[in-house]
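With the sequence shown counted from 1, adding 8 to any position gets you this note's numbering. Using N, Cα and C, we set each Cβ at its ideal position, and we do this for glycine too. Since the structure is predicted, the reported quantities are computational estimates derived from the model, not experimental observations. Before any comments, here is the structure.
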Amino acid sequence: MRALLFTFLTALALPASAQTADLSQAPRDWVVTTVKTELPVVTRDNLYLRYLSRRVDERGDVVRDTIEAKEGAVARLVSKEGRALTKEENEAECARLNATLEDPSGFLKHHKRDQSNISLTAELIKLMPDAMLWTYVPGQPQLAGRSPQQVVLDFHPNPAFHPSGMAQAALGSLEGRIWIDTQSHHMMRMEGHIFRDANLGWGLIAKIYAGGKLELDQRDFGNGLWTYSRLTMDITVREVLVHTVKVKSLFEATNVTPMPKALSWQDAIKLLLNAPMRP
């Protein structure tokens with residue numbers, strides 16, 4: 009999951025009543041407060057969700073019914089390329105889930121990687137107030153069709169920030185814009201741009217090429233339940249000197265609801281197998 013992380017046309021800027029927001033405080037102060045608000049969204053201890061997750065990439069367009077269990081998320085494929093599964097495809101998916109119940113090694117390996125990614129994401133979020141320089145955007149352009157009012161900030165790498173690891177060093181190649189809900193202090197949207205090459209491990213481990221774009225949207229799904237709703241990536245990465253990969257993907261989360269109680273991963277799979285297909 010999570011790890012949320014969202015489109016340009018739906019975020020067209022409109023002049024709005026942003027002048028009522030408190031712009032007298034330092035822009036960084038908004039970010040410090042927002043970081044405290046966003047960390048629980050990333051870690052989400054003791055809160056488990058069920059949602060439809062759509063992913064579009066070079067492998068196709070698929071939708072999965074996803075349940076977050078205590079040990080990690082499990083999912084059942086429900087559609088491909090905009091159509092329902094055939095009988096044969098559905099039987100194959102059920103067989104895959106039953107096989108996972110018999111041999112969970114693949115699931116546990118995936119969960120370990122997910123936990124590592126969550127920890128890294130939380131670490132980078134904590135660094136954002138100091139890793140970047142923050143400024144108010146002139147005119148405070150608001151997101152079209154979104155409320156309540158937002159504070160809009162631009163960010164650029166802080167030359168005084170000294171990263172202590174490869175992931176932190178990559179922040180030095182990122183700039184962009186962020187929209188913050190003035191009421192809840194949640195991030196509503198982030199647009200990022202890779203404006204220069206990022207060399208990880210002096211380029212020996214990986215290189216992220218300039219020109220890449222990231223867009224992340226987040227929304228309140230009801231009763232103060234904020235989580236990521238859309239993530240788009242269009243970046244080019246060279247791995248271990250020789251293998252270059254162009255990552256162009258879209259992730260969307262819909263039908264987000266909290267689980268009534270925490271389930272084990274086994275019980276979550278059984279629920280997916282026994283439940284009717286979600287619309």
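Nearest neighbour of residue i, chosen from the options [CA to CA]
| i | options | result |
| --- | --- | --- |
| P146 | S155, D162 and A152 | D162 |
| H194 | S61, D73 and Q157 | Q157 |
| P266 | E66, G230 and K134 | G230 |
| P167 | L182, V159 and S155 | L182 |
| L132 | K269, V70, L151 and P171 | P171 |
| Q123 | H251, V43 and R52 | R52 |
| V50 | R36, L109, R204 and L233 | L233 |
| L135 | A270, Q274, T240 and T41 | T41 |
| L93 | A81, R104 and V71 | V71 |
| K278 | S237, R204 and E101 | E101 |
| L64 | R227, R238 and E110 | A small fix is needed here, since residue 64 is Val in this sequence, not Leu. Looking at the Cα atoms, R238 is the closest of the given residues. |
| L105 | A83, R36 and K120 | A83 |
| R227 | R246, G153 and V245 | G153 |
Where residue i falls: helix, strand or coil (DSSP)
| i | result |
| --- | --- |
| F259 | strand |
| Q191 | coil |
| S25 | Reliability fails at S25, whose pLDDT of 36 lies under 50, so the model's placement of it is uncertain and no value is given. |
| E53 | The amino acid occupying residue 53 in the given sequence is Asp; Glu does not appear at that position. Note: D53 maps to coil in three-state DSSP. |
| T94 | coil |
| G68 | strand |
| V160 | strand |
| A218 | coil |
| H119 | helix |
| D242 | strand |
| K254 | strand |
| P266 | strand |
| E110 | helix |
| D30 | coil |
| N231 | coil |
| Q150 | strand |
| V43 | helix |
| E183 | strand |
| A77 | strand |
| M48 | With the sequence shown as reference, residue 48 is identified as Pro, and Met is not the correct amino acid for it. Helix at P48. |
Cβ-Cβ separation, residue j to residue i (assumed contact under 8 Å), whole Å
| i | j | result |
| --- | --- | --- |
| G216 | A276 | For the record, residue 216 in the displayed sequence is Ile; it is not Gly. At roughly 34 Å, the Cβ-Cβ gap does not stay under 8 Å, so I216 and A276 are not in contact. |
| I243 | I202 | 6 Å |
| L224 | A175 | Not a contact, Cβ separation roughly 17 Å. |
| E89 | D69 | 5 Å |
| L271 | K78 | 7 Å |
| K256 | M241 | 7 Å |
| M198 | D189 | That belief does not hold up - the Cβ atoms of M198 and D189 are roughly 13 Å apart, past 8 Å. |
| V159 | W38 | 5 Å |
Note to self: Could you check whether the stretch 99–116 touches the stretch 138–145, counting it as contact only if at least three pairs of C-beta atoms, one from each stretch, sit closer than 8 Å?
What the structure shows: The stretch 99–116 vs the stretch 138–145: no contact.
Check: Is it a yes or a no for the stretch 251–265 touching the stretch 58–71, going by three-plus beta-carbon pairs under 8 Å?
Finding: Touching, per the Cβ criterion.
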